[in-house]
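Under my numbering, think of the first position of the sequence shown as 88, with each following residue one higher. All C-beta atoms in this analysis are idealised placements derived from N, C-alpha and C, irrespective of residue type, glycine included. All values derive from a computational prediction rather than experimental measurement.
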Amino acid sequence: MIPTDTHQADTSAWSLSQWLGYIESIHSSAIDLGLERVRQVAQRLDLSFDQRRVITVAGTNGKGTTCAMIEQGLMLAGEKVAVYSSPHLLDYRERVRVNGQWCDEQAHCDAFAAIEAARGEVSLSYFEFGTLAALYLIDQLKVDTAILEVGLGGRLDAVNIIDADIGVITTIDIDHQDWLGSDRNGIGREKAGILRPHQQMVIGELDPPPSIEQAVNTLHGSAQWQGKDFHVQRQGGRWDYVSEDCHFDDLPEPAIPLQNAATALTVLRLCLPDLTTQQARQIIQDTHLPGRFQEIDQRPRVIVDVAHNPQATGLLWQQLQQRHSGRLHLVVGMLGDKDSRASLAPFLVSQPSWYLADLSVPRGAKAEQLKEVLVGQQSVLCYPSVEQAYQAARSEAAPDDTIVVFGSFFTVAAVLQGEH
88 MIPTDTHQAD TSAWSLSQWL GYIESIHSSA IDLGLERVRQ VAQRLDLSFD QRRVITVAGT
148 NGKGTTCAMI EQGLMLAGEK VAVYSSPHLL DYRERVRVNG QWCDEQAHCD AFAAIEAARG
208 EVSLSYFEFG TLAALYLIDQ LKVDTAILEV GLGGRLDAVN IIDADIGVIT TIDIDHQDWL
268 GSDRNGIGRE KAGILRPHQQ MVIGELDPPP SIEQAVNTLH GSAQWQGKDF HVQRQGGRWD
328 YVSEDCHFDD LPEPAIPLQN AATALTVLRL CLPDLTTQQA RQIIQDTHLP GRFQEIDQRP
388 RVIVDVAHNP QATGLLWQQL QQRHSGRLHL VVGMLGDKDS RASLAPFLVS QPSWYLADLS
448 VPRGAKAEQL KEVLVGQQSV LCYPSVEQAY QAARSEAAPD DTIVVFGSFF TVAAVLQGEH
């Protein structure tokens, strides 16, 4: 049982799961955007990142994969690198990596205890509490570079209390409309809130809304834009990275989206001006992230992907067109506040077998809700859980078919948990 007041308990013996239960319970809202409360606690902790390089990564999609590739490159160069990312798939410790390794449970518990002691009367949401704990951990570890993934939006996200040396925006699409607005320009303005005056900036979005350009110009930033200052040239199954002063040729197909790989290489060139083609190839080969077009089985081939909005599912469909075989079996569970109609639309033309699952989490959609947007599809079945939907797909798929699990981090996590 988790006490609701830490003054009534000896928190020194608390496990990580006890701390997580506690921080879930102490704030009235799961999402509470704003920096005042977070900044107040950070000042009490005397958090400072002035002595290390900071890279902040915002965007609708591609943040995690971009962070992972930057991480690999800096590790290859011999730096001590920390990454903060969210959400996690299976284990909360995934959220903080140092040189590719998770911190142990006790380190997280100690960080939570430090935040609890510092916050006093200040109320923090689950995400704010966890972000401050991650920043505290990273500050204690004295890393060379901290790579910080923005959780939601940018301007008012808890990560944005830290001033970064390099600001990165990956992609802009419609998502989290309740919090960020329903048009790309407004969402772009929120993402651009991570940028700082006279900062180095990398914009990976190929079609940036005017708000991004306005922010860069207002801040007098030194920006590099994908499609203008750097771009990708495909050469069969290989590709080249090209900018005005750099040409990395014959690069291997990455395990992450190509657009994000190009963005990450541009960031790495700012950090490592002498980066070579051979090093770029090695970084690409070493970069993998669970839940991103991850193949977990063969015969039938099983791919899991956390795509959960139209831009991400469109990319997933493009990848599948290049790489899938046999009949397509789609296991889908989504949150109710996502645009399921637009997210599932790319797959309709292929008439796959659909296995729709209730997502039994806060804001989770019911399978029947998803079925409503699949009018005209020939094979649509509904299940009370992701696990049951996945087992049904496995039982129906032929050895040469492809099963794809997507729609939410929760959906992918359910299947990965069952495979462990």
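(request) Identify every run of the alpha helix (DSSP H) within the region 400-472, keeping only runs that are complete inside it and at least 4 residues long; order them along the chain. (result) Whole alpha helix (DSSP H) segments, 4+ residues: 427-431, 454-458.
(message) If I follow the unbroken alpha helix (DSSP H) through T350, where does it start and stop?
(response) Its alpha helix (DSSP H) spans residues 345-358.
(message) Short of 8 Å in beta carbon distance, which residues of its chain neighbour A479, apart from the five on each side in sequence? Order them along the chain.
(response) Non-local beta-carbon contacts of A479 in its own chain, meaning distances under 8 Å to residues more than five positions away in sequence, involve Y442, L468, Y470 in chain order.
(request) For N148, count neighbouring Cβ atoms within 10 angstroms of its own Cβ and tell me buried if that reaches 16, exposed if not. (result) Buried, because 16 or more other Cβ atoms sit within 10 Å of the Cβ of N148.
(request) Mind the definition here: the region 483-490 touches the region 412-431 only if three or more C-beta pairs lie below 8 Å; say whether that holds. (result) Counting Cβ pairs under 8 Å, three or more are found: they touch.
(message) Just to confirm the assignment, what range does the beta strand (DSSP E) spanning D384 have?
(response) Per DSSP, D384 belongs to the beta strand (DSSP E) from 381-384.
(request) Name, in chain order, the residues that DSSP records as bridge partners for Q322. (result) Q322 pairs with R325.
(message) I need the straight-line Cα distance from Q464 to E474, nearest angstrom please.
(response) Here the alpha carbons of E474 and Q464 stand approximately 22 Å from one another.
(request) Kindly list the residues whose CB is nearer than 7 Å to the CB of H437, restricted to its own chain and excluding five residues on each side of it in sequence; keep chain order. (result) As written in the sequence, residue 437 is Ser, which differs from the His given in the question. Residues of the same chain with a CB within less than 7 Å of the CB of S437, apart from the 5 flanking positions on each side, are L415 in chain order.
(message) Measuring only the C-alpha atoms, how far is L267 from S173?
(response) With a pLDDT of 48 at L267, under the threshold of 50, the modelled position of that residue is not reliable, and the figure given next carries that caveat. Rounded to whole angstroms, the gap between the alpha carbons of L267 and S173 is 18 Å.
(request) Identify every residue that forms a DSSP beta bridge with S309. (result) Its beta-bridge partners are Q287.
(message) Helix, strand or coil for R131? Go by DSSP, reduced to three states.
(response) Three-state DSSP puts R131 in a helix.
(request) Identify every run of the alpha helix (DSSP H) within the region 150-225, keeping only runs that are complete inside it and at least 4 residues long; order them along the chain. (result) Counting only runs that start and end inside the region 150-225, the alpha helix (DSSP H) elements of at least 4 residues fall at 150-163, 192-206.
(message) Going by C-alpha to C-alpha distance, which of A501, Q408, Q409 sits closest to D445?
(response) Ranking A501, Q408, Q409 by Cα distance to D445 puts A501 first.
(request) Could you pull out every residue in the same chain whose Cβ sits closer than 7 Å to the Cβ of G314, ignoring the five residues on either side in sequence? (result) If we look at G314 and ignore the five residues flanking it on each side, its Cβ neighbours are L293.
(request) Compare the Cα-Cα distances from A310 to each of G254, I274, K453, F434 and report the closest residue. (result) Ranked by Cα distance from A310, the first of G254, I274, K453, F434 is G254.
(message) I'd like the ranges of any alpha helix (DSSP H) spanning at least 4 consecutive residues and lying wholly in the region 226-275.
(response) For the region 226-275, whole alpha helix (DSSP H) runs of length 4 or above, ordered along the chain, are 264-267.
(request) Please report the residue range of the beta strand (DSSP E) in which F335 lies. (result) 333-338 is the extent of the beta strand (DSSP E) around F335.
(request) Check the C-beta distance from A302 over to F335 and give it rounded, since I have them as a contact under 8 Å. (result) The pair is not a contact, with the Cβ atoms about 29 Å apart (cut-off 8 Å).
(request) Tell me, please, whether the region 343-357 touches the region 145-159 by the rule of three or more beta-carbon pairs shorter than 8 Å. (result) A contact exists between the region 343-357 and the region 145-159.
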